[in-house]
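K.L.:
Would you mind keeping the following structure in view while I ask a few things?
Chains as they are written, first to last, in this note's numbering: chain A, 2 to 573; chain B, 78 to 368.
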């Protein structure tokens, strides 16, 4: 009876993030639902107790339903039958169990039959699901689309669509097209009001092709389409809601992927598909998809951390049992170093993930509060601060968690040696599944493009200075000194890059600069966590020692590069 | 449709499925202190059957009835998290030492007190005793028909219930008037998961005994919300004759407990050749080990 929540003390630790008090108080608006709904919390402690107990349900389902199904789901995969997707049997079962457990529509308000849970609890659930089966995270996690509907759609649309999530409605974000991947402003799918436009139904009709759409045949789809004729850029795009019961979209094929094989990636043909406009025209890409993508990136961050954990556990249990040369292989420095680094990466990216989830939740919550009452000055300032933090932290969560997932999967197979290469162990699936995380929802390279702003405008440095102010336990002072040195090196690297007065030079080194900042930030978060957790005392040491050496190396590379060198790299 | 009144009999048992070295005491009895207390697995199958009746028949009410020490209230809450409506805990020191006869007497008295019921559903047997006697004995004492080894609900209406039974050599579909007692086999559908909303609704459900240790806020919630009260029934509440309970009411006496260790008496060494494999398989088929 494995439980993926209770067997991992670090999750309960993060659930109790100090920012949760503020988040839950805002989310529950002075606990005003307490007498209106029999499942609403009475106070902060009650709410936290409920989150903890519900995480136990999630951990139970992940350990006892989703994980045992993972292998068959990977093997069977979804199929197209009569132009629609049929999930693998295990996927269907996973989905039904989550529906019956009331775990779809987790973050929605109670008036839409949601649980009104904070983003941290939803994100943690996504991590848990991923440890069991990364492919299923996509299907389950796309309930996040409900949040976009909730944030931007009309009351009418919200009332008719949001309650459907609690009865198990699935969702999809239908954005990508054959010629519009990373560059979404090239979207061509046409959205037009019908010739016999009926004001009462206010329906649009969509025509065209979408490609690489995860869970494309979902019950409810958010579709990016060109609503303004004779436009060719982002300003001509709007976001629409398509209801599968209209039966006007055909699934032409399901892609045959390297990993996450249980998650159907669809090519869709829209033929006069009726759809409702979400929010305002022309704001589709500029505002709504940007918000949608930020949540999705946090979701991939959770997926990365879940994969890190899964890979580490496989490697650890094997290394303890496998004996060579008369002892368990974990006794050898070459192996225990790998394992310690895997664990440190898992804890570091998890710390960054949940911290970012809190920042994101806070600024969004202030947004909802401001719809009901005027925010106080200090509240407005705080909302702004958290929004800025969420903006620069989200791309580094996605960047680090997905890259670490790949690195951990690679190292875990290495620990298992020949056995790891065999299909007999789940690691080969974890390895294949991890590979997509640094690609979809914006490649690592695009996360760097988003994150470099935080380097340019001093956002990361300012937050590092905030972290420096926090008291940490004296026994880890040597590590804090190292982080100080790393910060000086980071500032030097930024100065050197800017001194070149050449954008290409900064772009060339952008990833190194972002990673330098990320390493320092994660180092600080781990040190702060060490105040409340023994485990972080150990692994902050592992992480900071390792990344200090990496950052020195990056600084040296940046300092030693000339434009002439970059020219050489150009010659491909 | 007004729905049905269902009583589910459940038992909290020590988890004997994954036992460690210290699972048994020196004297050969189960060491309950080290084993986690769980919802008896087949009683969860029984609860699922009840929940399916409720799914199809809105207005159906499921009452969980359990007999045990005060902490057995835990499984009543577990059942509520999965969709049961209310719970009754039969607890009294005078029940201690009851065998299946005395237990079924106490339970049948409690069911008589409930009075208004259409279906009583229980797991086939509990993993700590494996007797499969309590369900059938309760039916006899209530003088109602019983369907044992139930695997699936075929249909239910005001007149009758139709159940598929899992038997050793096949299946049997039987129809029966109500009230009826059903015992459910482990091959029946697994119980649904705990539901987040139910959990948050019922997590403060408490017996009067538990209320003594509750915080003021919990106590006020329980007094405001009737559904949070888990009833406790004692010997007096169920109007039972003490002579028929506990050790005096239990004809089953444990004479001796032996710790059996299965040991292979002989072994054979085979090579990995096709010939050896062939001979072994033939031998196993002949002595009916396989096939």
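Positions of the beta carbon are idealized from the N, C-alpha and C atoms, including for glycine.
What's the call for residue 297 of chain B, buried or exposed, on a 16-neighbour Cβ count within 10 Å?
P.N.:
exposed
K.L.:
Short of 8 Å in beta carbon distance, which residues of its chain neighbour residue 303 of chain B, apart from the five on each side in sequence? Order them along the chain.
P.N.:
none
K.L.:
Which stretch, first to last residue, makes up the alpha helix (DSSP H) that contains residue 124 of chain B?
P.N.:
118-133
K.L.:
Can you name the start and end residues of the alpha helix (DSSP H) that residue 99 of chain A belongs to?
P.N.:
90-101
K.L.:
Just grab the DSSP bridge partners of residue 525 of chain A for me.
P.N.:
Answer by DSSP bridge pairing: none, since residue 525 of chain A is not bridged.
K.L.:
What does the alpha-carbon distance come out to for the pair residue 241 of chain B and residue 223 of chain B?
P.N.:
Each residue's alpha carbon lies about 13 Å from the other.
K.L.:
If the cut-off is 9 Å on Cβ atoms, which residues from the stretch 241-271 of chain A count as contacting chain B, listed in chain order?
P.N.:
none
K.L.:
Locate the alpha helix (DSSP H) running through residue 359 of chain A, then write down its first and last residues.
P.N.:
334-373
K.L.:
So, does the CB of residue 273 of chain B fall closer than 7 Å to a CB anywhere in chain A?
P.N.:
At least one chain A Cβ lies under 7 Å of residue 273 of chain B.
K.L.:
Between residue 219 of chain A and chain B, is there a C-beta pair that is closer than 7 Å?
P.N.:
no
K.L.:
Provide the residue(s) that pair with residue 613 of chain A in DSSP beta bridges, ordered along the chain.
P.N.:
Here chain A covers residues 2 to 573 and nothing more, so residue 613 of chain A does not appear.
K.L.:
Looking at chain B, is there any beta carbon in it that lies within less than 7 Å of the beta carbon of residue 163 of chain A?
P.N.:
no
K.L.:
Measuring straight from C-alpha to C-alpha, what distance separates residue 274 of chain B and residue 133 of chain B?
P.N.:
20 Å
K.L.:
Within 10 Å of its beta-carbon, does residue 84 of chain B have 16 or more other beta-carbons around it, so buried, or fewer, so exposed?
P.N.:
buried
K.L.:
Does DSSP put residue 196 of chain A in a helix, in a strand, or in coil?
P.N.:
Residue placement at residue 196 of chain A is poorly supported in this model, since its pLDDT is 46, which falls under 50; the coordinates still yield a value, given next. Reduced to three states, the DSSP call for residue 196 of chain A is coil.
K.L.:
Using a cut-off of 8 Å between C-beta atoms, extract the partners of residue 43 of chain A located in chain B.
P.N.:
294 and 298
K.L.:
Along chain B, which residues have their Cβ under 8 Å away from the Cβ of residue 104 of chain A?
P.N.:
273
K.L.:
If residue 149 of chain B and residue 210 of chain B are in contact, beta carbons under 8 Å, what's the gap, nearest whole angstrom?
P.N.:
Going by Cβ atoms, the distance from residue 149 of chain B to residue 210 of chain B rounds to 19 Å, so no, they are not a contact pair.
K.L.:
If we call anything under 7 Å between Cβ atoms a contact, is residue 172 of chain A one with residue 105 of chain A?
P.N.:
no
K.L.:
Let me know the alpha helix (DSSP H) ranges lying completely inside the stretch 118-182 of chain A, each 4 residues or longer, listed in chain order.
P.N.:
120-133, 135-142, 146-153, 156-162 and 164-167
K.L.:
So with CB distances below 8 Å, who are the chain B contacts of residue 101 of chain A?
P.N.:
269, 270 and 272
K.L.:
When burial is assigned at 16 or more other CB atoms within 10 Å of the CB, is residue 316 of chain B buried or exposed?
P.N.:
exposed
K.L.:
Can you give, in chain order, each stretch of the beta strand (DSSP E) that sits fully within the stretch 255-338 of chain A and has at least 3 residues?
P.N.:
Runs of the beta strand (DSSP E) inside the stretch 255-338 of chain A: 266-278.
K.L.:
At a Cβ cut of 7 Å, what residues of the stretch 23-47 of chain A count as close to chain B, listed as they run along the chain?
P.N.:
So the close ones are 39, 40 and 43.
K.L.:
List in chain order: all unbroken alpha helix (DSSP H) runs of 4+ residues lying wholly within the stretch 151-206 of chain B.
P.N.:
177-191
K.L.:
Under DSSP, the alpha helix (DSSP H) around residue 275 of chain B begins and ends at which residues?
P.N.:
273-279
K.L.:
Does any residue of chain A bring its CB to less than 7 Å from the CB of residue 88 of chain B?
P.N.:
no
K.L.:
For residue 226 of chain B, does the three-state DSSP call read helix, strand or coil?
P.N.:
strand
K.L.:
I'd like to check one pair, residue 269 of chain A with residue 209 of chain A: are the Cβ atoms closer than 7 Å?
P.N.:
no
K.L.:
If I'm right that residue 282 of chain A touches residue 228 of chain A with Cβ under 8 Å, what's the distance once you round it to whole angstroms?
P.N.:
5 Å
K.L.:
Measuring straight from C-alpha to C-alpha, what distance separates residue 501 of chain A and residue 525 of chain A?
P.N.:
Cα-Cα distance, rounded: 30 Å.
K.L.:
Determine, using beta carbons only, whether residue 163 of chain B comes closer than 7 Å to chain A.
P.N.:
no
K.L.:
Buried or exposed, going by whether 16 or more other CB atoms sit within 10 Å of the CB of residue 161 of chain B?
P.N.:
buried
K.L.:
Just the C-alpha distance for residue 173 of chain B and residue 184 of chain B, rounded to the nearest angstrom, thanks.
P.N.:
14 Å
K.L.:
Leaving out the 5 sequence neighbours to the left and right, which residues in its chain are closer than 8 Å to residue 181 of chain A when beta-carbon positions are compared?
P.N.:
Hits under 8 Å: 187, 188 and 189.
K.L.:
Using the C-alpha atoms, what's the distance from residue 170 of chain A back to residue 289 of chain A?
P.N.:
Rounded to whole angstroms, residue 289 of chain A to residue 170 of chain A spans 21 Å at the Cα level.
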